[in-house]
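In our numbering, the protein residues as written are 0 to 327.
Structure below.
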């Protein structure tokens, strides 16, 4: 498909609301399912180019979008079909830049060179319509109170709209730029209003930097190595909190790392945890919070020792105050 005849698919509800996907193929299949099913189907293999997964916990269904005649217009040449038990049903035509529904998923499609309509962009944040009605004098106070709270809700909603849509638009634009490869990155909208991309592997760091250098968004995005950031966090903790003994740091959510503390050697009060988070956020702007877990030293020791035993090699265990070393 020519570049000027590509489509952009925007999800309007659910956890991925606001995310956009570039449709490169005349035939694209969407599978709404859970993470376990995705791993079972594609464990150890790559995804087809025309397959897009949409995560969902309690429902599973599939549908396909077909572009007929390789000509984009609003005259019904875009077809959506639900797929069930290897049979195709519920076929209907799609008009560009309008709200559509398949099962419980709401979405819209536009030409890559166009912008989404206000109706589409405001879908998740409907403007409250206060219609004047006649009330008896007895209800005047009730009406005034109701209108007051509706006004407050409207103001809060408008503020939230501009904040979240600004963030979502940046991430959606980034998704299109990276050609929907966001599964290789952990994203955090930093305290400095910069989008942080933590790449799972070094090659994805270079891939993102290369694409960003050819765009206008380089100054709004920072690409980091997830592995290097874990090492940096470990060094920072040992330097600034040497008495906080920890086993591991996880960065599955960039803005909220998980810190596994030693159950026996690192007992922190809520006040101490808050202080640690406050200090950490100053030096790592992509972090907004920290989750603390407590793991027994003995549990870690047993896992390590059992792993060595499975290798069937001779070893010597050296136990010190703050560490256990296995020598072969």
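Note that beta-carbon positions come from the ideal geometry of N, C-alpha and C, so glycine has one too.
Only a predicted model underlies this, so the values are computations on that prediction, with no experimental measurement involved.
Sequence-distant partners of residue 105 (beyond 5 residues in either direction) whose C-beta falls short of 8 Å from its own C-beta, in its chain, are 10, 11, 12, 98, 99, 122. Linking residue 195 to residue 315 through their CA atoms gives a straight-line distance of about 43 Å. For residue 230 and residue 265, the gap between their C-alpha atoms comes out near 20 Å. Note on geometry: alpha-carbon atoms of residue 54 and residue 183 lie some 15 Å from one another. Fully enclosed alpha helix (DSSP H) runs of no fewer than 4 residues are not present anywhere in the stretch 202 to 229. Scanning its chain for C-beta atoms nearer than 6 Å, with the 5 sequence neighbours on each side dropped, one finds around residue 199 the residues 183, 225, in chain order.
In this structure, residue 274 lies away from residue 261, with their beta-carbon atoms at least 7 Å apart. Within the same chain, Cβ atoms closer than 6 Å to the Cβ of residue 30 are found at 52, 61, the five residues on either side in sequence being excluded. Looking at the DSSP output, residue 50 sits in a beta bridge with 28.
Of the candidates 298, 16, 67, 323, 67 places its Cα closest to the Cα of residue 5. In the structure shown, residue 298 falls within a helical segment according to DSSP collapsed to helix, strand and coil. The C-beta distance from residue 108 to residue 93 rounds to 6 Å, short enough to fall under 8 Å. Sequence-distant partners of residue 76 (beyond 5 residues in either direction) whose C-beta falls short of 7 Å from its own C-beta, in its chain, are 66, 67, 68, 70. For residue 274, the uninterrupted alpha helix (DSSP H) segment begins and ends at 269 to 282. Between the stretch 279 to 299 and the stretch 248 to 262 there are three or more inter-stretch CB-CB distances shorter than 8 Å, so the stretches are counted as touching. The DSSP-derived three-state label of residue 99 is strand. For residue 119, the enclosing alpha helix (DSSP H) stretches over residues 117 to 120.
Put simply, the stretch 244 to 256 touches the stretch 278 to 294. At least three CB pairs are less than 8 Å apart. With 16 or more neighbouring CB atoms inside 10 Å of its own CB, residue 17 falls in the buried class. Here residue 79 is not near residue 56, since their CB atoms are 7 Å or more apart.
When only Cα atoms are considered, residue 96 and residue 119 end up about 7 Å apart. Counting only runs that start and end inside the stretch 227 to 259, the beta strand (DSSP E) elements of at least 3 residues fall at 245 to 249.
Taking the C-beta atoms as reference points, residue 221 is found nearer than 7 Å to residue 193. Only residues of its own chain outside the window of five on either side were considered, and among them 324 have a CB closer than 6 Å to the CB of residue 317, listed in chain order. DSSP, reduced to helix, strand and coil, places residue 149 within a helical segment of the structure shown. In summary, residue 117 is exposed, with fewer than 16 beta-carbon neighbours lying within 10 Å of its beta-carbon over all protein chains present.
Taking a C-beta distance under 7 Å as the contact criterion, residue 49 and residue 32 do not qualify as a contact pair. The alpha carbon of residue 204 has as its nearest neighbour, out of 322, 227, 240, the alpha carbon of 227. In the three-state scheme derived from DSSP, where H, G and I count as helix and E and B as strand, residue 192 is classed as coil. In the displayed model, residue 114 falls within coil according to three-state DSSP, outside both helix and strand. At least 7 Å separates the beta-carbon of residue 223 from that of residue 242. Looking at the DSSP output, residue 261 bridges to 294. The secondary-structure analysis by DSSP pairs residue 289 with nothing; it has no beta-bridge partner.
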